[in-house]
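These protein sequences, in sequence, are chains A and B.
Residue numbering for the first sequence is 57 to 506, as defined by the numbering used here.
Residue numbering for the second sequence is 57 to 506, as defined by the numbering used here.
Yeah, the Cβ is synthetic: ideal placement off N, Cα and C, and Gly gets one too.
This report refers to the structure that appears directly beneath it.
2 protein chains.
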Amino acid sequence: MTLPTTAMRAFTGTVLRGKDIPAAYRTDRSGYAPTGEPEALVLAANVDDVRRAVTTAAEAGMSVVVRGAGSGLAGGAAAGAGSLILDVSGLNRILELAPADELAVVEAGVSAAALDAEANRHGLCYAPDPASIAISTIGGNIATNAGGLRCVKYGVTGDAVLGLDVVLADGQLLHTGRRTAKGVAGLDLTSLFTGSEGILGVIVAATLRLRPVPIDTITVAAYFDEVEPAAAACAAVLAARVRPAMLELLDESSLREAQDLLGVRGESAGAFVVAQTDGFGARAEADLVAKTFGEFTSRVRVGDDPEAAGELLAVRRAALPALERHGRVLIEDIVVPRSQIAAAVRRITEIAAGYHSRINTFGHAGDGNLHPIIVVPRDDARAYPRAVAAADEIFATALELGGTITGEHGVGVLKRAWLEREQGPAALRTQQAIRRALDPNGLFNPGKAL
Amino acid sequence: MTLPTTAMRAFTGTVLRGKDIPAAYRTDRSGYAPTGEPEALVLAANVDDVRRAVTTAAEAGMSVVVRGAGSGLAGGAAAGAGSLILDVSGLNRILELAPADELAVVEAGVSAAALDAEANRHGLCYAPDPASIAISTIGGNIATNAGGLRCVKYGVTGDAVLGLDVVLADGQLLHTGRRTAKGVAGLDLTSLFTGSEGILGVIVAATLRLRPVPIDTITVAAYFDEVEPAAAACAAVLAARVRPAMLELLDESSLREAQDLLGVRGESAGAFVVAQTDGFGARAEADLVAKTFGEFTSRVRVGDDPEAAGELLAVRRAALPALERHGRVLIEDIVVPRSQIAAAVRRITEIAAGYHSRINTFGHAGDGNLHPIIVVPRDDARAYPRAVAAADEIFATALELGGTITGEHGVGVLKRAWLEREQGPAALRTQQAIRRALDPNGLFNPGKAL
């Protein structure tokens, strides 16, 4: 099972074999790496390279592991023995931007930030904004159906995907979807491939919905004594019919760590919430957010100008890097019904105590999407197994509260054992049947996602 | 192939056979009825009846045609020889309404209007609003991924579906999706079944996203001399970053017919556009809509109070019933990129002339979704074949302009021949493979959708 030199010459892009493959290609940002060495790495230069890589791997009996920027958090792009790694980050052209139709056609390796910047030139924006926006590829964002900070108003990556170009297991190129705002012809293949984590085909291009840049943006933040009133304030904002573009929560220690990293002598609090409103009603909504927060705390701050808004948001964005100073981090990604946010945060605090682990929680309160960050000190060999056990309890908690094990990072390798517990045997069987129908020989990402 | 009397007794709901089945059950609102008589009709009283109907039909060698209110427009619920009609409209309970989590769990037979009314009691609404909202069932809305007037801001039915309960071909009950705002665990089965037109399973219940009732709603209408400036005005509104909740267009004759039906001596015009803005920015957006319309016509009307708004909207809602006075109507449903609306309307006018057919066009300009209505006089035997030929040219036009053959009604029987022309052989093969994987014996709705 090695790639013949003649096959290598057929590619326009670079091909590496065995020991020549850099170690970084075996893993993603989760740090998970399977045993064994990958057979080949194809740095695809175009769609023909992708098709050739798929058929070549099939003929050689290798599996295909597709990769964009390698910024995944669930091990979905990790590659081990017997695999051909197919890096599509070189397919990075914006093929079309049609302002009147509010859409763009891009290759899979384009970053969301690059597309957003190009759209901005036409008064438009690409709404999905995963934290990795500057580095991750849109192909990877689609493969994981990535979320981000603006989902509460603008939805997840999938809500912006109108159509896809996908290379199938037989090397054929499939076009799904449409260029129109609506369309219901046939089964929704676009949504099926979105979030499929590399197990059904290789996404090589996408038709994406753009939106107007919001006409106004206002930031409102508040410090609360405890998590309960913070969660209640978030619920009250939504019940007041406000649709914030962002509604983020940090627990006590996430706030402290973030302030410490930024070197600001900020206020201490049991919880911190930062909201943004935008659009034609931004001012009225921001006033109502501030008033509503004021029913739960006296410490409300409104950022009217971009600088003040940036300072309030910086705390939220600093939360993860601040924790990464203290060791390896397990970035978890549960979602609970919004009414259960406070219960989930409290329960995570108990789990941390029970496993002598440090777990800080922040996340997208507007969606009920929490990121408990388990810090694993590098000098404590017993900390990692404790962290894994704590993560399992966090998943169990999410399910007990009516939630899910992943809101935006995917199942990958790391949460595979939990999928059937969440969805039941009929759902797993149905998904496996679809996988077999599209990839009968198990070419794509075996051992992942399902 | 008849249903044994013993099998009939096992159902809680009513079962009819052969000649006892009312003729209306053989067709839907499209008027299409296949040849041959259906074998049995099961009026399901609960999920067990649905499961029993599926396994009984499979054992007896019958196909299963699922049906809600029978308000479909593409023949998807039409039933002929060898079929068991499974009517799920009796499953009509709202099982849960959770205001804090902004969701409802309903059985498939509930109407969208009934759910919306119940949600209103909690300050919430169910956003999807197909024209058939008062009579159609949510199960049918999901099976066709139905649209409506508010899609331009709030999306289609699928955008409100969080999870489904589906009876599969083996009679097993599948739960898909989640109760949370986000969630990416596993393949997106929820979207796969949404819009699947009864070919993959029987939708028996759904978890649906609710939204706050908009805080304010303002209606703006305008009369234009021709279709081109009307379409340009719609494009200008969207380019001005307004997100209207509704943006509807009527051509000259649709306007005249609607005014005639309503008995109002309205203004004549080459095109009529009615927009609604809502939410915290409704007033600012309405002002900008009126100003933008004013750049293309001097005849702009703003409906500030509900009564005035209702009068402006009534014209739009009267357009279809007005045309139904003149004969059988073929209700087409194309979508074009928004930049092609004027081109599409002009082309449809030419097609009407070429086929000596009466075709009036109105639709959802904000989405580029047009409903050309072909009127077939009942006293002209040659009008129907001409209408069908004209419809084919309309489909071809949609594809030429980069659009789709159906925006919200589905493929059913009537547009099957066009699906491959729109999507290509790889997309059709992929969809067929998924259909076989989930329904290997072709039990569900054979001859439909694909």
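Nearest C-alpha to L140 (chain A) among A:E308, A:R85 and A:P60: A:P60. Of the other Cβ atoms in all chains shown, fewer than 16 fall within 10 Å of the Cβ of N497 (chain A); this residue is therefore exposed. Rounded to whole angstroms, the gap between the alpha carbons of A327 (chain B) and A278 (chain B) is 8 Å.
Residues of chain B with a Cβ closer than 7 Å to the Cβ of I490 (chain A) are, in chain order, L243, I490 and A493. Counting along the chain, the unbroken beta strand (DSSP E) around T263 (chain B) starts and ends at V258 to R265. Taking the C-beta atoms as reference points, T275 (chain B) is found nearer than 8 Å to G359 (chain B). Contact note: R394 (chain A) reaches chain B through A156, D157, E158, T236 and A237, using a C-beta cutoff of 9 Å and chain order. Here G383 (chain B) carries a coil assignment [DSSP, helix/strand/coil].
The beta strand (DSSP E) runs of length 3 or more contained entirely in the region 155 to 217 of chain A are, from start to end of the chain, 159 to 163. Apart from the 5 residues on each side of it in sequence, R321 (chain A) sits with its Cβ closer than 8 Å to the Cβ of Q315 in its chain, given in chain order.
Here the C-alpha atom of Q487 (chain B) lies approximately 19 Å from the C-alpha atom of A130 (chain B). Taking 8 Å as the threshold, the shortest C-beta distance from E95 (chain A) to chain B does not fall below it. Counting only runs of 4 or more residues that sit fully inside the region 424 to 503 of chain B, the alpha helix (DSSP H) segments are 439 to 456 and 472 to 494, in chain order.
In the DSSP assignment, Q315 (chain A) falls within the alpha helix (DSSP H) that extends over E308 to L318. Residues of the region 381 to 392 of chain B with a C-beta less than 7 Å from any C-beta of chain A: V391 and V392, listed in chain order. In the three-state DSSP reduction, Q228 (chain B) falls in the coil class, being neither helix nor strand. The distance from the Cβ of G196 (chain A) to that of S247 (chain A) is about 17 Å, inconsistent with a contact at the 8 Å cut-off.
Not a single CB atom of chain B sits nearer than 8 Å to the CB of V330 (chain A).
Among the bridge pairs identified by DSSP, G419 (chain A) is matched with A:L305 and A:L426. The count of Cβ pairs closer than 8 Å, one atom from the region 295 to 305 of chain B and one from the region 199 to 216 of chain B, reaches three, so the stretches are in contact.
Excluding residues up to 5 positions away in sequence, L147, N148, R149, L151, V260 and A261 lie with their Cβ nearer than 7 Å to the Cβ of E163 (chain A) in the same chain. Counting the other Cβ atoms within 10 Å of the Cβ of S413 (chain B) gives 16 or more, which makes it buried.
The C-alpha of R108 (chain B) lies about 13 Å from the C-alpha of T70 (chain B). Around the beta carbon of A100 (chain B), 16 or more other beta carbons lie within 10 angstroms, which makes this residue buried. Per the Cβ contact rule, the region 81 to 101 of chain A is not in contact with the region 226 to 240 of chain A (fewer than 3 Cβ pairs under 8 Å). Counted as a single uninterrupted DSSP element, the beta strand (DSSP E) harbouring A278 (chain A) occupies residues T273 to F280.
Only H420, G422, D423, G424 and N425 from the region 419 to 432 of chain A bring a Cβ to less than 9 Å from some Cβ of chain B.
Not flagged as an interface residue toward chain A: P186 (chain B), since no C-beta distance is shorter than 8 Å.
Those residues of the region 288 to 321 of chain B placed with their C-beta closer than 9 Å to a C-beta in chain A are A291, L294, A295, A296, R297, V298 and R299, ordered along the chain.
Judged by DSSP in its simplified three-state form, G366 (chain B) adopts helix.
Residues of the same chain with a CB within less than 6 Å of the CB of V106 (chain B), apart from the 5 flanking positions on each side, are A100, V223, V258 and V260 in chain order.
Here P78 (chain B) carries a coil assignment [DSSP, helix/strand/coil]. Secondary structure at S139 (chain A): strand, using DSSP grouped into helix, strand and coil. The contact set of H231 (chain B) on chain A, defined by CB atoms closer than 8 Å, consists of Q479, G480, A482 and A483 in chain order. Within the region 439 to 468 of chain B, the residues whose Cβ lies closer than 8 Å to some Cβ of chain A are G458, G459, T460, I461, T462, G463, E464, H465, G466 and V467, listed in chain order. I255 (chain A) sits close to K504 (chain A), with the two beta carbons spaced by under 8 Å.
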